[in-house]
Structures are given as structure tokens and as C-alpha cells.
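These notes concern the structure reproduced below.
Residue numbers (my numbering), protein chains in the order written: chain A, 320 to 825; chain B, 41 to 175.
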């Protein structure tokens with residue numbers, strides 16, 4: 320229990336980023352353990368913050384001792400303490416994974432800068448999560464995005480072009496958010512979320528407030544790649560280095576979705592977002608589009624990471640659907656899905672990274688007989704896939720269960736049906752993958768049985784077990800264990816944390 | 041008559057909207073990547089102008105009591121008579137963010153130019169298509 324832990328949660332990775340650069344200039348090898356230490360302390364701090372919230376209630380931390388409406392305030396309740404744990408834990412595990420993968424994919428002299436920007440990205444994400452000031456969210460949003468642009472651009476192939484497209488669209492999103500802040504400030508004179516909550520209800524009919532809300536929503540939808548504003552995501556996340564894909568896919572869209580929840584249900588009252596404006600209905604249809612479109616596109620792709628990107632777009636749709644139905648079960652499902660999807664996506668992207676590291680294969684049609692070469696990786700892939708589809712013992716099932724319940728509670732039968740339909744389509748995507756891995760005919764393999772022992776041993780050699788190194792497999796194991804354990808303990812997670820995070824009025 | 045009043049009375053907002061749309065147009069319609077970045081910059085500048093213009097008042101003074109010139113010191117006590125400093129401070133931060141974005145975008149452009157030897161989007165996609173067919 321440290322009194323300053325809310326601020327340290329942001330300060331530690333920020334200072335760590337600068338120190339990492341200096342340390343790297345002395346000895347490059349020191350960067351990796353240093354980053355692990357920094358992110359490890361972030362994990363401890365986030366659990367500490369969660370402990371304080373659970374025992375003492377909402378934290379209102381005043382930076383520099385300034386009183387809330389004037390100074391910046393960190394506002395931490397059950398919801399964002401939960402998100403902070405997700406962000407710090409996922410980034411810690413991905414950092415463990417990063418060592419071999421980055422050495423393989425990047426030039427040596429770039430590693431120092433990679434880790435520096437990696438820490439800046441985590442700083443931005445944690446900052447967005449803990450802050451209770453709308454303008455501060457904008458600043459951290461841009462720190463996150465700038466770090467993201469840089470990390471994506473260091474990839475190969477078309478990474479630079481994809482990153483450029485992301486810069487242009489991401490800036491539009493952030494600027495829309497900033498305009499929303501400006502409009503709210505011009506009518507209320509406040510930037511503090513708790514202060515605005517008190518000031519806004521009288522102004523709900525004001526056109527300025529309505530426009531501000533619209534700008535917030537469009538800006539955030541661009542940032543979380545909500546269909547139809549998702550065009551930047553597949554290219555950017557496909558061509559980024561494996562580590563970066565795993566980190567940004569698992570965390571960036573999720574934190575954006577969290578900010579969307581904050582704006583809709585804390586800054587504005589649920590009554591305003593759901594009944595006063597048809598925002599919930601619009602988001603519901605958009606989310607439905609995302610679920611179906613993402614899955615159809617995923618079916619059409621051959622690049623494994625690209626398949627995952629489109630599934631991610633569908634998953635963002637699930638989360639937004641949970642937000643839009645506007646009841647207890649739906650919201651619980653959305654928050655639980657933020658956790659589960661972060662774990663599943665990190666796991667799948669790390670598996671994609673491990674396969675690429677060992678074999679250099681990106682496309683699914685090349686994966687034939689992969690189970691002979693990398694049996695453990697393929698097992699992990701199948702468990703993660705089962706979870707994304709939503710089969711009971713894994714965590715993916717439970718969040719989808721809550722989401723379907725939420726849709727049924729809101730009498731949105733069609734959305735409940737679409738949710739199940741899109742799960743089925745994800746099942747087809749992964750079934751195709753499994754079929755390729757286990758049953759695809761390999762032209763060389765079929766003939767080698769009849770020929771001499773020389774070609775046979777060559778065949779043996781080709782299929783010899785050859786797993787990725789431990790530093791890549793251990794994070795994957797942690798995530799797979801997470802998928803199973805989070806499934807088993809999802810009831811506990813809901814009853815100890817998420818049920819308190821549900822906004823009043825649901 | 042009313043329309044003219046409406047336009048003149050809120051001309052600062054009109055300027056920001058027009059600037060923003062010019063920037064937006066450049067980002068969407070221009071096929072040259074440098075022009076897109078410039079459009080992006082205009083877009084961001086428009087928002088900064090919007091914030092600054094919301095804080096301005098006719099005949100207002102700076103929000104400093106000590107060493108104010110003449111009767112400015114007395115004015116600065118009364119809320120109606122000094123310019124709100126907060127939007128300026130916010131925009132200082134936003135300008136830093138803007139410069140950062142601009143820098144990253146230009147750095148990306150340098151790398152794109154090294155790889156494709158052009159800033160024209162059409163030519164880049166042509167090169168990509170040729171590379172794809174070669175494979």
C-alpha cells in the first residue's frame with residue numbers, strides 16, 4: 320500500500336523510458352532486464368491500486384496537491400483499476416516475449432529505441448486509464464498513438480506506408496476528441512470528469528454539448544478501429560513486428576473502449592447516452608456490422624496476422640455491442656471481454672510471432688504439418704482458438720455469455736443472433752486453419768514413404784520437433800494458462816470487481 | 041440580414057471551420073503524401089485557433105495582478121475583464137503534440153521516399169503492384 324501508487328503507475332514507465340535510453344547507450348544488453356523490471360513494478364503497482372480501491376473505495380489522487388477542478392486529478396475506481404491491471408500485465412508478458420523476436424526482426428542498433436518507445440506506449444496507455452481529466456486523456460492518447468506509429472513503422476514490407484495511413488487517420492480521431500473537449504470546456508469551464516458530471520445534466524439540451532458528444536464518439540471510434548472506421552488497422556497491425564502487434568492489438572483498442580465507456584456512462588449519464596440520444600442504437604448497429612464484416616473478411620485472408628486483425632475488429636464489435644445494450648449483463652460482458660480479448664489476442668499474436676521466428680511463415684496455407692514441427696505451439700494455438708470461438712471451459716465463452724444475456728435482456732434478439740452467428744464464423748476461420756495444419760496433403764511427404772531411407776530421413780529432419788525458444792514459449796504458456804484460469808474464475812472476477820464497476824442507473 | 045449578423049458575429053468560428061475543412065480536404069483528396077501531412081497540420085492548427093478564440097474577450101487584459109500596466113491590475117481581479125488563460129495553456133500542450141505528430145509524419149515520409157523514390161500515392165501503389173507480380 321503506497322500512498323503515491325496512482326501517480327507512480329504513470330511516472331515509473333515514463334522515467335523508465337528515459338533511463339532505458341541512457342542505459343542502452345552504455346550497454347545494450349541491459350535494456351531488456353531493465354524494461355522487465357519497470358513493467359514488473361507497474362504490475363505490482365496496479366495490483367496495489369486495485370487493493371486500495373477494493374478496501375477503501377474510489378481513489379481521487381490530486382497531482383501536486385491541487386484541488387480537483389483546477390488541478391489534474393487521477394480518478395481510480397473498480398473499472399479503471401481493472402483495466403490498469405490488464406494493461407500492465409499484458410505489456411509485462413509481451414515484454415518477456417520480445418527479446419528473441421526483436422533480435423530476429425530488428426537491426427541491433429534499433430533495439431534500444433524500440434524498448435524506449437515500448438515503455439512510452441505503456442506510459443500512455445496507463446495514463447489514459449488512470450486519469451480523471453478529459454484533456455489529460457487527450458495528451459496520453461496522443462503519447463500512446465505517437466509511440467504506436469513509431470513502433471509500427473519499424474516493421475518490414477509495407478509497414479511504413481501502413482503507419483503513415485495510421486498517422487493521418489489517428490490524428491483525425493485525436494483532433495475530433497480534442498474538439499469535443501473544447502466544446503465541453505466552452506460551455507462548462509471545466510475539464511475534470513467528476514466536475515463535468517455535476518455540471519453537464521443541466522446542459523443536456525444544449526447543441527454544443529450534443530456536438531461535443533458526437534465528436535467524442537467519432538474520434539474514439541476511429542481510435543478503436545470500430546467498423547466502418549477500421550481501415551487503418553489491418554495493414555498497420557499486420558506489418559508491425561510480432562511483439563508490437565501482440566502489444567497494440569491486445570491493449571490499444573481495449574483502452575480506447577474503456578475511454579468510450581467513461582465518456583458514455585461517467586462523464587455523461589447513462590440516461591443521456593442511451594435514452595436521450597439514440598447513440599446506443601447507432602453503436603449497436605455499427606457493432607453488429609463490425610462483428611459480421613470482421614468475420615467475413617477474416618475468412619477471406621491468408622496471412623495469419625491479417626486474419627487475427629479482422630477477428631480483432633469483430634472483437635471490438637463485441638465490446639461495443641456490450642456497451643450499447645445498456646444494461647448490467649451487457650456492461651459486465653463488455654468489461655469481461657476487454658480482459659479476455661486482451662489475453663486471447665496477445666496469445667494469438669505471440670503464437671504468430673513464434674511461428675514466424677522459427678519458420679518464417681506468415682500465410683496459413685504454408686502451415687501444413689506444423690504440428691509435427693511445433694506440437695506445443697499448435698496446441699496453444701488450438702486452445703486460444705477455442706477460446707476466441709467461445710467454447711465453455713475457456714474464458715471467451717463467459718464474456719460472450721454475458722454479452723448474449725445483455726442483448727436478450729435489452730430485447731435485442733437480432734443482435735444476440737448476430738453474436739452467435741459471428742462466433743460460428745470465427746469457428747469456421749479456425750477450423751480452416753486446423754484443417755490446413757493437420758490434414759493438408761504435403762506433396763513431398765506423400766511420396767517419401769515409398770522411396771529410400773535417404774529421403775525418409777530428410778523427411779524426418781524436415782518435421783523434426785523444433786519449438787521456439789523458452790523466452791517466447793513461456794509468455795505463450797502464461798497466456799494459455801490465463802485463458803483457462805480466467806474462464807474458471809470468471810465468476811469470482813465478476814463478483815469481486817466488475818459488479819462494482821457497473822455504472823449507476825443500470 | 042440575420043444571416044450576415046450570424047456570420048459576422050461568430051466569424052472566429054467560421055474561420056476555424058473553413059480552415060479545418062481545407063485541411064480535411066487536403067488529407068482526403070490529395071494524392072501527394074506531403075500535401076496530406078500539410079493538410080493534417082492545417083487541420084490541427086484550426087483546432088488550436090478555435091480554443092484560443094474561445095478565451096478572447098473585447099478589451100480584456102492579461103490575467104496577472106502584480107505589475108499590471110495602469111488600471112490593468114484592477115481589471116485582472118474581475119473575471120469578466122481578463123482573458124481566460126487556461127485554453128492558452130492547453131494549446132501549448134496541444135502544439136507540442138502537434139509538433140510531435142508532424143515530426144513522426146515527416147520521418148515516415150523520409151523512409152517512404154527512400155524506399156519508393158516518390159511521394160505520389162499512385163506511383164507507390166504502382167510499385168507495390170509490380171513487386172507483387174514479380175513474386
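Beta carbons: idealized from backbone N, C-alpha and C, even for Gly.
Cross-chain neighbours of residue i in chain C, by beta carbon under 8 Å
| i | result |
| --- | --- |
| residue 140 of chain B | Protein chains in the displayed structure are A and B, and chain C is not among them. |
Beta carbon proximity, residue i to chain A, threshold 7 Å
| i | result |
| --- | --- |
| residue 90 of chain B | yes |
| residue 61 of chain B | no |
| residue 98 of chain B | no |
| residue 121 of chain B | no |
| residue 87 of chain B | yes |
| residue 94 of chain B | yes |
| residue 45 of chain B | no |
| residue 157 of chain B | no |
| residue 150 of chain B | no |
| residue 58 of chain B | no |
| residue 80 of chain B | yes |
| residue 55 of chain B | no |
| residue 145 of chain B | yes |
| residue 76 of chain B | yes |
| residue 67 of chain B | yes |
| residue 129 of chain B | no |
| residue 3 of chain B | The question about residue 3 of chain B has no answer here: the residues shown for chain B are numbered 41 through 175. |
| residue 133 of chain B | yes |
7 Å Cβ shell around residue i - same chain, five flanking residues per side excluded
| i | result |
| --- | --- |
| residue 665 of chain A | 409, 412, 413, 565, 569 and 798 |
| residue 616 of chain A | 629 |
| residue 786 of chain A | 693, 695, 696 and 792 |
Residue i at chain B interface by Cβ criterion, 7 Å
| i | result |
| --- | --- |
| residue 506 of chain A | no |
| residue 641 of chain A | no |
| residue 678 of chain A | no |
| residue 587 of chain A | no |
| residue 742 of chain A | no |
| residue 450 of chain A | no |
| residue 468 of chain A | yes |
| residue 458 of chain A | yes |
Alpha-carbon spacing of residue i relative to residue j, whole angstroms
| i | j | result |
| --- | --- | --- |
| residue 425 of chain A | residue 434 of chain A | 12 Å |
| residue 449 of chain A | residue 341 of chain A | 27 Å |
| residue 529 of chain A | residue 702 of chain A | 45 Å |
| residue 84 of chain B | residue 686 of chain A | 46 Å |
| residue 395 of chain A | residue 163 of chain B | 50 Å |
| residue 357 of chain A | residue 637 of chain A | 32 Å |
| residue 825 of chain A | residue 724 of chain A | 14 Å |
| residue 337 of chain A | residue 436 of chain A | 9 Å |
| residue 372 of chain A | residue 476 of chain A | 45 Å |
| residue 407 of chain A | residue 441 of chain A | 7 Å |
| residue 668 of chain A | residue 612 of chain A | 21 Å |
| residue 640 of chain A | residue 577 of chain A | 13 Å |
| residue 817 of chain A | residue 401 of chain A | 8 Å |
| residue 708 of chain A | residue 745 of chain A | 6 Å |
| residue 561 of chain A | residue 385 of chain A | 42 Å |
| residue 802 of chain A | residue 662 of chain A | 7 Å |
| residue 713 of chain A | residue 804 of chain A | 8 Å |
| residue 704 of chain A | residue 660 of chain A | 11 Å |
| residue 343 of chain A | residue 359 of chain A | 19 Å |
Cβ-based burial, residue i [other Cβ within 10 Å; buried from 16]
| i | result |
| --- | --- |
| residue 389 of chain A | exposed |
| residue 43 of chain B | exposed |
| residue 393 of chain A | buried |
| residue 374 of chain A | exposed |
| residue 104 of chain B | exposed |
| residue 134 of chain B | buried |
| residue 169 of chain B | exposed |
| residue 588 of chain A | buried |
| residue 376 of chain A | exposed |
| residue 165 of chain B | exposed |
| residue 633 of chain A | buried |
| residue 80 of chain B | buried |
| residue 539 of chain A | buried |
Other residues of its chain near residue i: CB distance less than 8 Å, five sequence neighbours each side excluded
| i | result |
| --- | --- |
| residue 471 of chain A | 478, 481, 482, 485, 555, 556, 558, 559, 563 and 567 |
| residue 488 of chain A | 541, 548, 550 and 551 |
| residue 364 of chain A | 321, 324, 327, 328, 331 and 407 |
Cutoff 6 Å; reference residue i; Cβ partners in own chain excluding five residues on either side
| i | result |
| --- | --- |
| residue 474 of chain A | 558, 559 and 560 |
Quick one: any contact between the segment 586-602 of chain A and the segment 457-467 of chain A, if contact means 3 or more CB pairs under 8 Å?
-> no
Segment contact flag, the segment 48-61 of chain B with the segment 806-821 of chain A, C-beta cutoff 8 Å, min 3 pairs = no
Do the segment 88-99 of chain B and the segment 64-73 of chain B make contact, defined as three or more Cβ pairs closer than 8 Å?
-> no
Inter-stretch contact at 8 Å, needing at least 3 Cβ pairs: the segment 716-731 of chain A / the segment 645-653 of chain A = yes
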